[in-house]
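Protein chains in written order, with the working numbering: chain P, 1 to 215; chain S, 216 to 430; chain Y, 431 to 645; chain H, 646 to 860.
Cβ atoms here follow ideal geometry from the backbone N, Cα and C, with glycine treated the same way.
The block underneath contains the structure these notes are about, expressed in structure tokens.
Protein chains: 4
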Amino acid sequence: MDTTLQKAPTSPGKREQTKLQNRQLIVAAARRVFAELGYGATTVRDIIRATPLASGTFYNYFKSKEEVFQAVRDEVALAIRPRLHEERMKAATVEEFIGCSFRTFFEFVADDRVNFRTIRADSTRVRMDSPEVIAGFEELRNDLELAIAKGLFPSIDADFLMAAIVGVAFEVAERMLQTGSHDHVAAAEFATKLFIGGIRALPAVAEPGVISRNA
Amino acid sequence: MDTTLQKAPTSPGKREQTKLQNRQLIVAAARRVFAELGYGATTVRDIIRATPLASGTFYNYFKSKEEVFQAVRDEVALAIRPRLHEERMKAATVEEFIGCSFRTFFEFVADDRVNFRTIRADSTRVRMDSPEVIAGFEELRNDLELAIAKGLFPSIDADFLMAAIVGVAFEVAERMLQTGSHDHVAAAEFATKLFIGGIRALPAVAEPGVISRNA
Amino acid sequence: MDTTLQKAPTSPGKREQTKLQNRQLIVAAARRVFAELGYGATTVRDIIRATPLASGTFYNYFKSKEEVFQAVRDEVALAIRPRLHEERMKAATVEEFIGCSFRTFFEFVADDRVNFRTIRADSTRVRMDSPEVIAGFEELRNDLELAIAKGLFPSIDADFLMAAIVGVAFEVAERMLQTGSHDHVAAAEFATKLFIGGIRALPAVAEPGVISRNA
Amino acid sequence: MDTTLQKAPTSPGKREQTKLQNRQLIVAAARRVFAELGYGATTVRDIIRATPLASGTFYNYFKSKEEVFQAVRDEVALAIRPRLHEERMKAATVEEFIGCSFRTFFEFVADDRVNFRTIRADSTRVRMDSPEVIAGFEELRNDLELAIAKGLFPSIDADFLMAAIVGVAFEVAERMLQTGSHDHVAAAEFATKLFIGGIRALPAVAEPGVISRNA
DNA sequence: CATGAATGAGACTTCATTCAT
DNA sequence: CATGAATGAAGTCTCATTCAT
Numbered sequence: 001m002d003t004t005l006q007k008a009p010t011s012p013g014k015r016e017q018t019k020l021q022n023r024q025l026i027v028a029a030a031r032r033v034f035a036e037l038g039y040g041a042t043t044v045r046d047i048i049r050a051t052p053l054a055s056g057t058f059y060n061y062f063k064s065k066e067e068v069f070q071a072v073r074d075e076v077a078l079a080i081r082p083r084l085h086e087e088r089m090k091a092a093t094v095e096e097f098i099g100c101s102f103r104t105f106f107e108f109v110a111d112d113r114v115n116f117r118t119i120r121a122d123s124t125r126v127r128m129d130s131p132e133v134i135a136g137f138e139e140l141r142n143d144l145e146l147a148i149a150k151g152l153f154p155s156i157d158a159d160f161l162m163a164a165i166v167g168v169a170f171e172v173a174e175r176m177l178q179t180g181s182h183d184h185v186a187a188a189e190f191a192t193k194l195f196i197g198g199i200r201a202l203p204a205v206a207e208p209g210v211i212s213r214n215a
Numbered sequence: 216m217d218t219t220l221q222k223a224p225t226s227p228g229k230r231e232q233t234k235l236q237n238r239q240l241i242v243a244a245a246r247r248v249f250a251e252l253g254y255g256a257t258t259v260r261d262i263i264r265a266t267p268l269a270s271g272t273f274y275n276y277f278k279s280k281e282e283v284f285q286a287v288r289d290e291v292a293l294a295i296r297p298r299l300h301e302e303r304m305k306a307a308t309v310e311e312f313i314g315c316s317f318r319t320f321f322e323f324v325a326d327d328r329v330n331f332r333t334i335r336a337d338s339t340r341v342r343m344d345s346p347e348v349i350a351g352f353e354e355l356r357n358d359l360e361l362a363i364a365k366g367l368f369p370s371i372d373a374d375f376l377m378a379a380i381v382g383v384a385f386e387v388a389e390r391m392l393q394t395g396s397h398d399h400v401a402a403a404e405f406a407t408k409l410f411i412g413g414i415r416a417l418p419a420v421a422e423p424g425v426i427s428r429n430a
Numbered sequence: 431m432d433t434t435l436q437k438a439p440t441s442p443g444k445r446e447q448t449k450l451q452n453r454q455l456i457v458a459a460a461r462r463v464f465a466e467l468g469y470g471a472t473t474v475r476d477i478i479r480a481t482p483l484a485s486g487t488f489y490n491y492f493k494s495k496e497e498v499f500q501a502v503r504d505e506v507a508l509a510i511r512p513r514l515h516e517e518r519m520k521a522a523t524v525e526e527f528i529g530c531s532f533r534t535f536f537e538f539v540a541d542d543r544v545n546f547r548t549i550r551a552d553s554t555r556v557r558m559d560s561p562e563v564i565a566g567f568e569e570l571r572n573d574l575e576l577a578i579a580k581g582l583f584p585s586i587d588a589d590f591l592m593a594a595i596v597g598v599a600f601e602v603a604e605r606m607l608q609t610g611s612h613d614h615v616a617a618a619e620f621a622t623k624l625f626i627g628g629i630r631a632l633p634a635v636a637e638p639g640v641i642s643r644n645a
Numbered sequence: 646m647d648t649t650l651q652k653a654p655t656s657p658g659k660r661e662q663t664k665l666q667n668r669q670l671i672v673a674a675a676r677r678v679f680a681e682l683g684y685g686a687t688t689v690r691d692i693i694r695a696t697p698l699a700s701g702t703f704y705n706y707f708k709s710k711e712e713v714f715q716a717v718r719d720e721v722a723l724a725i726r727p728r729l730h731e732e733r734m735k736a737a738t739v740e741e742f743i744g745c746s747f748r749t750f751f752e753f754v755a756d757d758r759v760n761f762r763t764i765r766a767d768s769t770r771v772r773m774d775s776p777e778v779i780a781g782f783e784e785l786r787n788d789l790e791l792a793i794a795k796g797l798f799p800s801i802d803a804d805f806l807m808a809a810i811v812g813v814a815f816e817v818a819e820r821m822l823q824t825g826s827h828d829h830v831a832a833a834e835f836a837t838k839l840f841i842g843g844i845r846a847l848p849a850v851a852e853p854g855v856i857s858r859n860a
């Protein structure tokens, strides 16, 4: 095509503006593409293709795919972090502290799935949770439902409980390894107590009027 | 005289043995490499390089990187799933149900970090948890410690609590999106109640001698 | 699988027979596969897959794909050559000489398309006659039909005439290059005279009773 | 002062020029390599090696070997087709129709062997006309020379006649199979009459002074 | 000889990055 | 600065052939 004039700025002196605008164009495109394909599967070409810009232009703004990924993440994280922090600072009770955090976070996720996917970023075109792993999660859910049916547990949303157990398990395990302590007994005790206490508290919410009574 | 039958194998299954051994060689190498580089960043070449075998040999056993990854994951998942399920089935109380699960899981993680990393598999050569995201986690931990110091919270391991909150937040969010309900209010209520109840139950663990008593 | 006994000869002393039989198995499979995929696209694996034999066995009989291809071709060529030669030797007139050759050849082709394809062997999975080349052939046919309609030509099967012109053109050209003479004027004169004489003789056959009359 | 507009190209289309040139470079190299090795045996690597360009550059112009092959073929076919068609359209007699076609075609072949080879494209690194097949052709030529010596045939260039017979045989056979009629009797009759008439007409050419007399 | 897994050269192709325009 | 073609390293995968059993 004719490459001669098409990039003449719309009005003189707006170069700074154009620069910022181009950067935003790239970051926005990157966010969409990362959310869809995951970090590993997206290529710089995918990003610039989602942009009216040329491939070379990308490198005027970012050194690499990694760098733009950081930018996207930072942007997302920076969008929610201050709000969470502020609410926690204002909290006068445990209920407020915990409740505000979760409410804000889940609202954010529900509103903007794309950004959430970008933060997680562990999705790739390849299904990361293999059938066997997923089967393990489902098995846990079934076991929970069974336990509820048997009266072992109060009536709780098994889906969410399963997810919570899995989330705590993996994240606490990660933390355990990171801190270098490797005290798996302490980790297990922590998680166990958390859930036992939590489970006792839960049904009151799920089914108002029914007091948890598993004595 | 007759040379036709001389090919009766000297020992039963020398070749079968080699085959199995090679398959194990590949799976073991894959496990190591996936754990180190993450799924996205590891190449089939990386795997065979971690092996005394030739590149073509890989394809005698697996059609692709994806397939060997499944094999690794399945192996790991299958190693722990039956134990978890069995223990849950034998559980007579909530305490046993929850406690056994976590104890077994964390023990497994502590024993075999490589396998744990493989299950997670969300690590890549690129640091997925960008500084900003990590900063958000640390901020939460600081806020928790502050809250504990202010007497808002009982004295809990802030590291683990932070990890638990993050784990529940991301995993329940994921579940929320997957089930299609997108009911973020319910998700937030669930997580909030879980932690409020759990936090009340926790200090007894952190400080032995104090019996949990939240009646 | 169990490799121990399955290749025991059906009866002792038949080894020579088995050898010949295996060779035939391979040649027959090769003929089918070459005919279907063309030389370039077929692999040795394709051939042995069309056989109950193992890949290594192939190399007990042929050194390469090229060699088995030669064998197939030779077999086909040897099947028809003696018959053609014999008939030509017995011919007492030009009519017999030419007629017998063509009759035998076309009968062979019609009977055994697979073998014909193998002899040609210029077919590959890729369409060798590109649209443009085919379009050139069709254009010639159309021009011929037009010429017939205009009364320029007698009424002849335009399909066959087109094929004959194309066949002579390419084959004589090839010959011209091979002999090193490169006398394209002589080649053109030869082909032209051949067809002019031939075309005058043709209609009598196509439409019995109508004498060619293009004066 | 303003550096924004400095990228107005110093000369119109320096890059376009390079692009076209590179495309031609690739097509020209492809033509040479295809002519030498045949379609099946040439690889994209062979083509780019015959070029000062880098491997990846090939894929900026063509998606595959097949695509560049089409380009080469189309170019060749398009170069000769219009001329042939035009001459046929102007022909007022059979002699002109046939004669012009062959003269133009053989001239083209003699001038540009490389292009001819590309159109044929049935040559591969492997000799497609195996010894046996060639022997069959030579046998036919010998038989023809014998027949001429015996006075059965008039004195004709046996080389060209053999080539013409072979060309008609294979090409008409192909056409017979393609049209689906499989009427090998009609095919044989057609070819036979063509040659009988043609042979009677031929000597006039070979030996000037002798007027063809096939009344 | 039959077997079939191992081999490794090499084919095709993608893609992050550079650089002339 | 924008452009987009060129680059070439590196990845995935195939396949003819070898060789231990």
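Terminal residues of the alpha helix (DSSP H) in which residue i lies
{"i": "H:Tyr684", "result": "Lys659 to Ala686"}
{"i": "Y:Thr534", "result": "Val524 to Asp541"}
{"i": "P:Pro82", "result": "Lys65 to Lys90"}
{"i": "Y:Gly597", "result": "Ala588 to Thr609"}
{"i": "Y:Ser585", "result": "Segment: none, Y:Ser585 is in no alpha helix (DSSP H) and carries neither H nor E."}
{"i": "P:Thr57", "result": "Ser55 to Tyr61"}
{"i": "Y:Ala622", "result": "At residue 622 of chain Y the sequence reads Thr, which differs from the Ala that was named. His614 to Ala631 is the span of the alpha helix (DSSP H), which, as asked, contains Y:Thr622."}
Exposure of residue i, with buried meaning 16 or more beta-carbon neighbours within 10 Å
{"i": "S:Leu293", "result": "exposed"}
{"i": "S:Lys305", "result": "exposed"}
{"i": "S:Leu235", "result": "exposed"}
{"i": "S:Glu404", "result": "buried"}
{"i": "Y:Ser531", "result": "buried"}
{"i": "S:Arg246", "result": "buried"}
For residue j and residue i, believed in contact at Cβ under 8 Å, the rounded distance
{"i": "S:Ala269", "j": "P:Gly40", "result": "The Cβ separation is near 26 Å, so there is no contact."}
{"i": "P:Leu146", "j": "S:Lys408", "result": "With 8 Å as the limit, P:Leu146 and S:Lys408 do not qualify as a contact, their Cβ atoms being about 22 Å apart."}
{"i": "H:His829", "j": "Y:Ala540", "result": "4 Å"}
Residues near residue i by beta carbon distance below 8 Å, same chain, minus five either side
{"i": "P:Ser181", "result": "none"}
{"i": "H:Thr706", "result": "A small correction: the amino acid at residue 706 of chain H is Tyr; Thr does not occupy that position in the sequence shown. For H:Tyr706, where only same-chain residues beyond five positions count, the Cβ hits under 8 Å are Asn667, Arg668, Ile671 and Val713."}
{"i": "H:Ile844", "result": "Phe798, Pro799, Ile801 and Leu806"}
{"i": "Y:Ile478", "result": "Ile456, Ala459, Ala484, Ser485, Thr487 and Phe488"}
{"i": "P:Asp46", "result": "Val33 and Leu37"}
{"i": "S:Pro267", "result": "Leu240"}
{"i": "P:Ile80", "result": "Thr104, Phe105 and Phe108"}
{"i": "Y:Ile578", "result": "Pro584, Ser585, Ile586 and Ala588"}
Cβ shell of residue i (< 6 Å), same chain only, five flanking positions each side left out
{"i": "Y:Asn545", "result": "Val506"}
{"i": "Y:Ala617", "result": "Val602 and Met606"}
{"i": "H:Lys710", "result": "Val689"}
{"i": "H:Glu819", "result": "none"}
Other residues of its chain near residue i: CB distance less than 7 Å, five sequence neighbours each side excluded
{"i": "P:Thr104", "result": "Arg83, Leu84 and Glu87"}
{"i": "Y:Ile564", "result": "none"}
{"i": "S:Thr394", "result": "none"}
Meets three-Cβ-pair contact criterion under 8 Å: the stretch 790-806 of chain H and the stretch 580-587 of chain Y: With a cut-off of 8 Å, the stretch 580-587 of chain Y and the stretch 790-806 of chain H do not count as touching, because too few Cβ pairs lie within range.
Validate contact between the stretch 591-609 of chain Y and the stretch 804-823 of chain H using beta carbons, cut 8 Å, 3 pairs: Because the criterion of three Cβ pairs below 8 Å is met, the stretch 591-609 of chain Y and the stretch 804-823 of chain H touch.
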